[in-house]
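Q: Numbering (the numbering used here), first residue to last: 1 to 204. Got a structure here, written out as structure tokens. Questions coming.
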């Protein structure tokens with residue numbers, strides 16, 4: 001049976017189309033995009049643009065140079081960038097999260113492999129995940145997760161903040177207790193995990 005093609009995920013919210021947010025050097029990358037209003041394009045441009053702004057290499061962590069060049073050819077034809085030398089990996093949960101995302105792809109496609117790397121890289125940054133991906137809002141991130149990682153997204157039944165949700169999944173996989181209460185409703189930290197702050201404007 002042939003796997004259906006990955007559906008296009010439009011960059012919109014309930015109010016209709018929204019413009020791509022300013023993302024530093026990612027703006028020039030969007031100028032080279034096949035479809036600058038498409039969510040996958042925004043996510044790749046967001047991660048790459050923020051890495052360029054910070055002078056950080058590789059631009060998408062864990063992605064081989066040949067894979068990075070195929071990503072550019074597919075989404076940003078004509079863009080002349082190199083992913084760069086990975087150097088010394090910091091002590092974080094990138095590898096574990098990448099493994100979780102790769103296992104959870106709706107299909108083992110190259111595009112979703114690239115997206116898994118981009119999300120895992122963005123999740124290691126300091127802001128809310130939708131901000132670190134360069135997306136205009138959190139609902140678009142949730143739609144992207146549900147479309148591209150449906151089984152994993154379905155586990156986020158309470159709409160937990162995505163970085164909190166990822167961390168919880170990794171701890172459960174490692175059999176590490178992390179919660180102060182046996183259920184979320186009775187936990188003193190429920191506002192931190194499920195609060196609406198993730199929909200706020202980017203922090204200065």
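Glycine included, C-beta positions come from ideal geometry on N, C-alpha and C. Since the structure is predicted, the reported quantities are computational estimates derived from the model, not experimental observations.
What distance in whole Å lies between the Cβ atoms of residue 94 and residue 33, which are believed to be in contact at a cut-off of 8 Å?
A: Their Cβ separation, rounded to whole angstroms, is 26 Å, which puts residue 33 and residue 94 out of contact at 8 Å.
Q: Exposed or buried, what is residue 157 when buried is set at 16 or more other beta-carbons lying within 10 Å of its beta-carbon?
A: Looking at its Cβ environment, which holds fewer than 16 other Cβ atoms inside 10 Å, residue 157 is exposed.
Q: Measure the beta-carbon distance from residue 129 to residue 141 and round it to whole angstroms, keeping in mind my assumption that it falls under 8 Å.
A: So it is a contact: roughly 6 Å between Cβ atoms.
Q: Does the structure place the region 85-92 close enough to the region 54-72 that three or more beta carbon pairs sit under 8 Å?
A: Touching, per the Cβ criterion.
Q: For residue 152 versus residue 47, is the C-beta distance shorter than 9 Å?
A: Not in contact: residue 152 and residue 47 (Cβ atoms no closer than 9 Å).
Q: I'd like the span of the alpha helix (DSSP H) that includes residue 138, first residue to last.
A: From DSSP, the alpha helix (DSSP H) with residue 138 extends over 138-148.
Q: Provide the residue span of the alpha helix (DSSP H) that contains residue 95, from first to last.
A: 94-104 is the extent of the alpha helix (DSSP H) around residue 95.
Q: For residue 102, which residues in the same chain have their Cβ closer than 6 Å to its Cβ, ignoring the five residues on either side in sequence?
A: Only 116 meet the Cβ criterion.
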